[in-house]
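Participant: Numbering (the working numbering), first residue to last: 24 to 73.
The beta carbon of each residue, even a glycine, is placed where N, CA and C say it ideally should be.
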Ligand SMILES: [Zn+2]
């Protein structure tokens, strides 16, 4: 099962809509500066991945 998780950690496609995920940085709030993956079709699709 561990190898399966490794594959998922490198996923760059949104599992909800199939669009690419883009790396973004939190610009406000308590987590400012943290990087996360957000769906490129935001705000249509609000999927995010930490
Ligand atoms: Zn999406």
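Taking the beta strand (DSSP E) that residue 48 belongs to, which residues open and close that run?
Facilitator: That run of the beta strand (DSSP E) goes 44 to 48.
Participant: Identify whether residue 40 lies in helix, strand or coil by the three-state DSSP scheme.
Facilitator: Residue 40 falls in the coil class under three-state DSSP.
Participant: CB-CB under 7 angstroms to residue 73, same chain, minus the five flanking residues each way: which ones, in chain order?
Facilitator: Around residue 73: 59.
Participant: When we look at the beta-carbon of residue 40 and count the other beta-carbons within 10 Å, is it buried (16 or more) or exposed?
Facilitator: Per the 10 Å Cβ criterion, exposed.
Participant: Tell me residue 59's beta-bridge partners as DSSP assigns them.
Facilitator: Residue 59 pairs with 47.
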